[in-house]
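See structure below.
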Amino acid sequence: MELTDIIKAENIVSQKSKLITENVMHYCPGCTHGVVHKLLAEIIEELDIQEKTIGVSPVGCAVFAYNYLDIDWSQAAHGRAPAVATAISRLQPEKYVFTYQGDGDLASIGCAEIMHACNRGENIVVIFVNNAIYGMTGGQMSPTTLLGQVTSTTPHGRDEKLNGFPIKITELLAQLDGTCYVTRQSADTPGAIRKTKKAITKAFQNTRLAKGVSIVEIVGTCSSGWKMSPVASNEWMREHMFKKYPIGDIKDI
Amino acid sequence: MAKFRGAIVVDTESCKGCNLCVVACPTHVIELNTDVNGKGYHYSYMKNPTSCIGCANCGLVCPDSVITVYKKAIDK
Amino acid sequence: MGDIKLMKGNEVIAETAIRCGCDGYFGYPITPQSEIMETLMLRRPWEETGMVVLQAESEIAAINMVYGGACCGKKVMTSSSSPGMSLKQEGITYMAGAELPCLIVDVMRGGPGLGTIQPSQSDYFQATKGGGHGDYHLIVLAPASVQEMSDFVVLGFELAFKYQNPAIILVDGAIGQMMEKVELPDYTPRWSEQEIEEISGDWALTGKKNRKQHIITSLEYSAPPQEIFNHKLQRKYKEMREQEVRFETIHCEDADYIFVAYGSVARICQKATELLREKGIKVGLLRPITLYPFPTQAISDLCSKTKGFLTVEMSAGQMLEDVQLAVEGRTKVEFYGRMGGVIPTPEDVIEAFEKIFSI
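Protein chains in written order, with this note's numbering: chain F, 108 to 360; chain U, 1474 to 1549; chain P, 12 to 370.
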């Protein structure tokens, strides 16, 4: 069998989602955001909810998510995406509203907004990409940076006496009565990506059931911030990040 | 013997050479090219095309959605 | 004609919001304006008009909820008082940058810091000059009566949507807490999906269907397009200055001296004007109704026949600077102010006037 026999439109089993735009992503090589964007595009396409979905992008590397995912988007101030999403969801209850946030955005400057959106049980989906660093500003310590982890503002490693401890914000949010589905996944292997896709799909389906906030944390990498290759970053993540941030469902009601 | 043959087509100009597809490929089909694209990245390509089974793992892990995967049953 | 009632200024804001088809209110309690949200919660407009009312976790969250609601092309509003307004500046500058319409109510109290809960006008700079970062302006309306509290909710939304820009009702705690007769507007239904499509269909987040995606953002990637956008905003503010200046003059035709005052202080100065005229002193009052755009030309036109302006404010002299800029040194511009929540009496104003102008 020749390659020309295989490379035919009818044999396609995996291709770029129609909801991913033609814009070249500004993300660094191997960035987790690209994978998560792709999953969102596929899920929105498969659930056929493009015209009902409104995304809220954060401040951070994913600020430009709206350039890549062909849906309506609002770009929120740093950490405020859950407040913005609250109003969009309350004023357009028939829509699927999601926030897309990083660990600095969600677990530091936006702590109050995520806590209270979760506590009110807003009918939104929260996509939380946790790579334990401020990527866009050049690799500073984030609230989820691990102890000992070197960043540009913890050049000698994160020291709990100086910097406090890494925060397991997702477990905190699971304690709140307004959250219905809280899970932590990753996007480093084909198997993990398939599980993440299932989790995000379920989160969007929960919107239809109006059960409250669904949170999908994706433990990710930042190879530029971590100063490792994408492949080495995935290995480092599995070895170190998963210990502090174990993969699996935290709450599902 | 595999029941399927696969193939990939890489959008070489959009590929950033992150190497994740190379690692994800179970049959060692993909490698990074020694050549670079317009942005200076060593883009991925099928080094061993005959080994491809069309499992689509590469497409799944690609952050930039640059890989199209094809799969065809082998005629008996 | 609408209903005539005796109501508190703050309550009127809430009542008019419901009646004019407001889609959402998002707020956080702070004295002296908490009656706005309290009135809304008591009225339960979600059962009547479908209006959403939500008590947010902070002023920051409240203004960002307004941002979210405004993204959808909805008529949304918030209210606060001075310390809370400082917190809201982040969201306000983002809305100015994203060209989103909304109505904000600032019932001012004494400052700086936590200050006092008594009436003040010391947020003038914050409201009229921008308040947050970046080159922007709000449309600033200054009611001097409970009736205008009602009228300016309607007008504020109208101007906000006309210019796709936040509008603010800047009022002191005295008007907010005062009870007066008010004629409320008749009920206007909230906009339907079709009306939103007609009014804001080229930008509102209504879901991407048979059109290009809509993106609400204040972010630019590089400097040249940002500068082009900055020029666009400046053209908009110029148009406001040309089209939307509102003010009231009382006895200015033959006046030798003119008070310039807004809000409750304008009422005090009006009384002072009457008392001084009884003494045979020709005094007039110019009351700016829009603080941005400011009635610069109106003041300028009065310069040649006026011996002097006395700007009276419950601040250390903030509007004073705009009066000085309008007069450009052609006649005297003097100032009398009280601070910290102290309201001047007409007698205080007369005493200051006579002392300043040696009458």
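Glycine included, each C-beta is placed from N, C-alpha and C at the ideal position.
**Prompt:** Does the stretch 289-300 of chain P come close enough to the stretch 265-272 of chain P that 3 or more CB-CB pairs lie under 8 Å?
**Reply:** yes
**Message:** I'd like the ranges of any beta strand (DSSP E) spanning at least 3 consecutive residues and lying wholly in the stretch 196-268 of chain P.
**Reply:** 258-261
**Prompt:** Is Gly84/P closer than 8 Å to Thr217/P when the C-beta atoms are compared?
**Reply:** Here the question's residue 217/P lines up with position 206 in the third sequence. Here the question's residue 84/P lines up with position 73 in the third sequence. Contact flag set, yes.
**Message:** When you compare the CB of Asp110/F with every CB in chain U, is at least one pair closer than 8 Å?
**Reply:** Here residue 110/F corresponds to residue number 3 of the first sequence, with the count starting at 1. For clarity, residue 110/F is Leu in the given sequence; the question names Asp instead. Yes, because at least one Cβ of chain U sits closer than 8 Å to the Cβ of Leu110/F.
**Message:** What does the Cβ neighbour count give for Lys86/P, buried or exposed, with the cut at 16 atoms within 10 Å?
**Reply:** Stepping through the third sequence from its first residue, residue 86/P is reached at position 75. It is buried - the Cβ of Lys86/P has at least 16 other Cβ atoms within 10 Å.
**Asked** Along the chain, where does the alpha helix (DSSP H) that runs through Thr257/F open and close?
**Response** Taking the first residue of the first sequence as position 1, residue 257/F is located at position 150. Position check: residue 257/F holds Val in this sequence, whereas Thr was assumed. Counting along the chain, Val257/F falls outside any alpha helix (DSSP H), and DSSP gives it neither H nor E.
**Prompt:** Val1542/U CB to nearest chain F CB: under 8 Å?
**Reply:** The residue given as residue 1542/U occupies position 69 in the second sequence. Yes, Val1542/U lies at the interface with chain F (some Cβ there is under 8 Å from its Cβ).
**Message:** Short of 6 Å in beta carbon distance, which residues of its chain neighbour Gly187/P, apart from the five on each side in sequence? Order them along the chain.
**Reply:** Within the third sequence, numbered from 1, the residue matching residue 187/P stands at position 176. Once the five neighbours on either side are set aside, the close Cβ partners of Gly187/P are Gly20, Asn21, Pro43, Gln44 and Val118.
**Request:** Using only alpha-carbon positions, find the residue among Leu181/P, Glu59/P, Val151/P and Gln237/P that is nearest to Gly32/P.
**Result:** On the third sequence, residue 32/P is found 21 positions in, with the first residue counted as 1. For Gly32/P, the nearest C-alpha among the options comes from Glu59/P.
**Message:** Starting from Arg438/F, trace the beta strand (DSSP E) in both directions and tell me its first and last residue.
**Reply:** A question about residue 438/F goes unanswered here, because the residues of chain F that appear run from 108 up to 360.
**Message:** List, from N- to C-terminal side, the beta strand (DSSP E) runs of 3 residues or more that fit wholly inside the stretch 132-183 of chain F.
**Reply:** 160-164 and 179-182
**Item:** Rounded separation between Lys1545/U and Gly1479/U - CA only
**Value:** Here residue 1545/U is taken as the residue at index 72 of the second sequence, counted from 1. Here residue 1479/U is taken as the residue at index 6 of the second sequence, counted from 1. Distance between the alpha carbons of Lys1545/U and Gly1479/U is about 6 Å.
**Request:** Could you confirm whether any beta carbon from chain U is found closer than 8 Å to the beta carbon of Lys123/F?
**Result:** Taking the first residue of the first sequence as position 1, residue 123/F is located at position 16. True, the Cβ-Cβ gap to chain U drops below 8 Å.
**Prompt:** When you compare each of Thr261/F, Thr111/F, Asp179/F and Glu229/F to Ile127/F by their alpha carbons, which one comes out closest?
**Reply:** By one-based count along the first sequence, residue 127/F stands at place 20. It is Asp179/F.
**Per-residue contacts from Cys1491/U into chain F (C-beta, under 7 Å)** = Here residue 1491/U is taken as the residue at index 18 of the second sequence, counted from 1. Result: Pro136, Gly137 and Pro337.
**Request:** Can you say whether Ser124/F is buried or exposed, counting buried as having 16 or more other CB atoms within 10 angstroms of its CB?
**Result:** As a first step, residue 124/F must be located in the first sequence, where it is residue number 17. The residue in question, Ser124/F, is buried, as its Cβ has 16 or more Cβ neighbours within 10 Å.
**Request:** Name, in chain order, the residues that DSSP records as bridge partners for Asp183/P.
**Result:** Locating residue 183/P in the third sequence gives position 172, where the first residue counts as 1. Paired residue(s): Met119/P.
**Message:** Tell me which residue opens and which closes the alpha helix (DSSP H) that Ile41/P is part of.
**Reply:** As a first step, residue 41/P is located in the third sequence; it is residue number 30 there, counting from the start. Ile41/P -> no alpha helix (DSSP H), and no H or E assigned at all.
**Asked** Beta-carbon separation of Val368/F and Asn1492/U under 8 Å?
**Response** It is not possible to answer for residue 368/F, since the shown part of chain F is limited to 108 through 360.
**Asked** Quick one: which chain U residues come within Cβ less than 7 Å of Pro297/F?
**Response** One-based indexing of the first sequence puts residue 297/F at position 190. Residues of chain U with a Cβ closer than 7 Å to the Cβ of Pro297/F are, in chain order, Ala1497, Asn1530, Leu1533 and Val1534.
**Item:** Residue-chain proximity (Thr228/P, chain F), Cβ-Cβ < 8 Å
**Value:** Taking the third sequence and counting its residues from 1, one reaches residue 228/P at position 217. Output row for Thr228/P: interface = yes.
**Request:** Please classify Lys305/F: does DSSP put it in a helix, a strand, or coil?
**Result:** Here residue 305/F refers to the residue found at position 198 when the first sequence is read from its first residue. The answer is helix: DSSP assigns Lys305/F an H, G or I state.
**Request:** Answer with yes or no whether the minimum CB distance from Gly1479/U to chain F is below 8 Å.
**Result:** Within the second sequence, the letter at position 6 stands for residue 1479/U. It does; some Cβ of chain F falls within 8 Å.
**Message:** At the 8 Å Cβ level, is Val233/F part of the contact set with chain U, yes or no?
**Reply:** Counted from its first residue, the first sequence places residue 233/F at position 126. Taking Cβ atoms only, chain U never reaches closer than 8 Å to Val233/F, which makes this a no.
**Item:** Beta-carbon proximity of Cys1531/U to Cys1494/U, cut-off 8 Å
**Value:** Indexing the second sequence from 1 puts residue 1531/U at position 58. Indexing the second sequence from 1 puts residue 1494/U at position 21. It is a contact, given that the beta carbons lie within the stated cut-off.
**Request:** Give the range of the alpha helix (DSSP H) segment to which Ile1547/U is assigned.
**Result:** Here the question's residue 1547/U lines up with position 74 in the second sequence. Premise fails: Ile1547/U is in no alpha helix (DSSP H) and is neither H nor E.
**Item:** For Arg187/F and Asn75/P, believed in contact at Cβ under 8 Å, the rounded distance
**Value:** Reading the third sequence from its first residue, position 64 is the one you call residue 75/P. Reading the first sequence from its first residue, position 80 is the one you call residue 187/F. Yes, Asn75/P and Arg187/F are in contact; Cβ-Cβ is about 4 Å, under 8 Å.
**Asked** Unbroken beta strand (DSSP E) runs of length 3 or more, entirely within the stretch 194-230 of chain F: which are they?
**Response** 203-209
**Prompt:** For Ile221/F, which residues of its own chain have a beta-carbon under 6 Å away from its beta-carbon, when the five flanking residues on both sides are left out?
**Reply:** Taking the first residue of the first sequence as 1, we reach residue 221/F at position 114. Answer for Ile221/F: Pro189 and Leu213, listed in chain order.
**Asked** When the distance is taken between beta carbons, is Ala306/F closer than 8 Å to Asn230/F?
**Response** Working through the first sequence from its first residue, we reach residue 230/F at position 123. Working through the first sequence from its first residue, we reach residue 306/F at position 199. In this structure, Asn230/F sits away from Ala306/F, with a CB-CB distance that is not shorter than 8 Å.
**Message:** If we define contact as Cβ-Cβ less than 8 Å, is Gly1527/U a contact residue for chain F?
**Reply:** Taking the first residue of the second sequence as position 1, residue 1527/U is located at position 54. Chain F, which has a Cβ nearer than 8 Å to the Cβ of Gly1527/U, makes this yes.
**Prompt:** For the stretch 274-324 of chain P, which segments carrying the alpha helix (DSSP H) assignment without a break, of at least 4 residues, lie completely within its bounds, in sequence order?
**Reply:** 275-289 and 307-313
**Request:** Starting from Leu65/P, find everything on chain F with Cβ-Cβ shorter than 9 Å and list it in chain order.
**Result:** Locating residue 65/P in the third sequence gives position 54, counting from the first residue. Neighbours of Leu65/P on chain F, chain order: Thr193, Ala194, Arg197 and Arg227.
**Request:** Check the Cβ of Ser1517/U against every Cβ in chain F and list those closer than 7 Å, keeping chain order.
**Result:** Here residue 1517/U refers to the residue found at position 44 of the second sequence. Here the premise fails: no neighbours, minimum Cβ distance about 11 Å.
**Request:** Just confirm the distance between the C-beta atoms of Ile216/F and Thr277/F, as a whole number of angstroms; I'd bet it's less than 8 Å.
**Result:** Sequence index remark: in the first sequence, residue 216/F carries index 109 (1-based). Sequence index remark: in the first sequence, residue 277/F carries index 170 (1-based). Actually they are not in contact, since the Cβ atoms of Ile216/F and Thr277/F sit about 17 Å apart, beyond 8 Å.
**Message:** Which residues in chain U have a C-beta closer than 8 Å to the C-beta of Met132/F? List them in chain order.
**Reply:** Indexing the first sequence from 1 puts residue 132/F at position 25. Per Cβ cutoff of 8 Å: Pro1536 and Asp1537.
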